[in-house]
Amino acid sequence: MRPLNGAPLLERRSSVELIGDDGDYLPFGTNSVTAIFVGHLGDIELSAFSIAVSVIGTFSFGFMLGMGSALETLCGQAFGAGQVHMLGIYMQRSILILSATCVLLLPLYIFATPVLKLLGQEDDIATPAGLYTLLIVPQLFSLAVVFPTQKFLQAQCKVSVLAWIGFLSLVFQVILCWLFVAVFGFGAIGAALALDITSWGAAIAQFVYVVGGARMVGRGSLGLPSKRYGRLLGCHSHLL
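For the sequence shown, position 206 matches number 893 in the working numbering, and the numbering has no gaps at all.
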């Protein structure tokens, strides 16, 4: 039998590459980093911030992810049918639909405090949790750009850029949290603002890359030259 001494290391490396290329670790990483900094402020602050981000924020994230995942099927069908020019159209439609979905989710953010109190949460936690929930509304709307551009890039196997944007955003989040929480003393409010800035930074970076950063098919509907060069990409199904 052939020796398999290097097999576990190779398998681990492949798993890390898949996780990194997927790009979905960004929101979980930034939320964890933010919670670590808020945890140094006190138990009440950590509890309130965790409810805002991990409960309400995660619910909205899952809802938006489910809506945005429909783009995966559309992109796959477009590639299979050779209609690569439709990718940009699908992406723009997805951005509009997800933006409207964010508006529908807004009442959950605006009335977070009374909802939490109605569910039996203590006032000293429900009140700051409602404030933090309002502060992370910009993060919610950033998802309307993040998911469509992410699926657009993944459909064309442009996944390395997602990994780099995610990694740099995570580093940027650590720096912002350190500045806003530890240096300037903004507390949990500063942590929420840092989360908003990082989320929109990632969204803008992905959108800029889609619009003018690299050679890609299917961008004709964005006002850019649509060229039928490149290869027929078959990695869409196993990456998503």
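Yeah, the Cβ is synthetic: ideal placement off N, Cα and C, and Gly gets one too. Keep in mind that this is a model prediction, so the values were computed, not measured.
Range covered by the alpha helix (DSSP H) that runs through residue 738: For residue 738, there is no enclosing alpha helix (DSSP H), since its DSSP letter is neither H nor E.
Where does the unbroken alpha helix (DSSP H) through residue 887 begin, and where does it stop? From DSSP, the alpha helix (DSSP H) with residue 887 extends over 874 to 899.
What's the C-alpha gap between residue 740 and residue 892? Rounded to whole angstroms, residue 740 to residue 892 spans 23 Å at the Cα level.
DSSP state of residue 846 mapped onto helix, strand, coil: When secondary structure is reduced to three states using DSSP, residue 846 falls in the coil class, being assigned neither helix nor strand.
Assuming the contact rule is C-beta atoms closer than 8 Å, residue 869 and residue 736 should be a hit. Round their C-beta distance to whole Å, please. No, residue 869 and residue 736 are not in contact; Cβ-Cβ is about 15 Å, not under 8 Å.
In this structure, how does DSSP classify residue 768 when only helix, strand and coil are distinguished? Taken through DSSP and simplified to helix, strand or coil, residue 768 comes out as coil.
To the nearest angstrom, report how far apart residue 837 and residue 844 are at their CA atoms. Rounded to the nearest angstrom, the gap between the Cα atoms of residue 837 and residue 844 is 10 Å.
Taking one C-beta from the stretch 829 to 836 and one from the stretch 747 to 755 each time, how about it: are there three or more such pairs within less than 8 Å? A contact is defined here as three or more CB-CB pairs under 8 Å, and the stretch 829 to 836 meets this definition with respect to the stretch 747 to 755.
Inspect the beta-carbon positions of residue 817 and residue 799 and report whether they are closer than 8 Å. Cβ distance < 8 Å, so residue 817 and residue 799 count as in contact.
Is residue 786 helix, strand or coil by DSSP? Of the three classes helix, strand and coil, the one that applies to residue 786 here is helix, per DSSP.
Under 8 Å between the Cβ atoms of residue 782 and residue 835? Result yes, Cβ atoms of residue 782 and residue 835 sit closer than 8 Å.
Inter-residue Cα distance where the pair is residue 848 and residue 840: Whole-angstrom Cα-Cα distance: 9 Å.
Just tell me which of 871, 854, 788 and 726 has its CA closest to the CA of residue 714. Closest option to residue 714, Cα to Cα, is 854.
Measuring CB to CB, does residue 856 end up less than 8 Å from residue 888? Note that the C-beta distance between residue 856 and residue 888 is below 8 Å.
Endpoints, alpha helix (DSSP H) assigned at residue 746: It spans 745 to 755 - the alpha helix (DSSP H) in which residue 746 sits, taken as one unbroken run.
Looking at residue 721: is its Cβ nearer than 8 Å to the Cβ of residue 881? Here residue 721 is near residue 881, since their CB atoms are less than 8 Å apart.
Of the residues 894, 746 and 824, which one's Cα is nearest the Cα of residue 793? For the residues 894, 746 and 824, the minimum Cα distance to residue 793 belongs to 824.
Look at residue 852 and residue 821 and say whether their C-beta atoms are less than 8 Å apart. No, the pair does not count as a contact, with Cβ atoms beyond the cut-off.
In whole angstroms, give me the CA-to-CA distance for residue 751 and residue 787. Rounded to the nearest angstrom, the two C-alpha atoms are 11 Å apart.
Taking the C-alpha atoms as reference points, what is the distance between residue 907 and residue 814? Note that residue 907 has pLDDT 47, beneath the 50 cutoff, so the model's placement of it is unreliable and the number below is only indicative. Cα-Cα distance, rounded: 48 Å.
Rounded Cβ spacing between residue 777 and residue 762 (contact assumed at less than 8 Å): Contact holds; Cβ gap of about 6 Å.
From residue 897 to residue 795, what distance separates their C-alpha atoms? C-alpha separation (whole angstroms): 31 Å.
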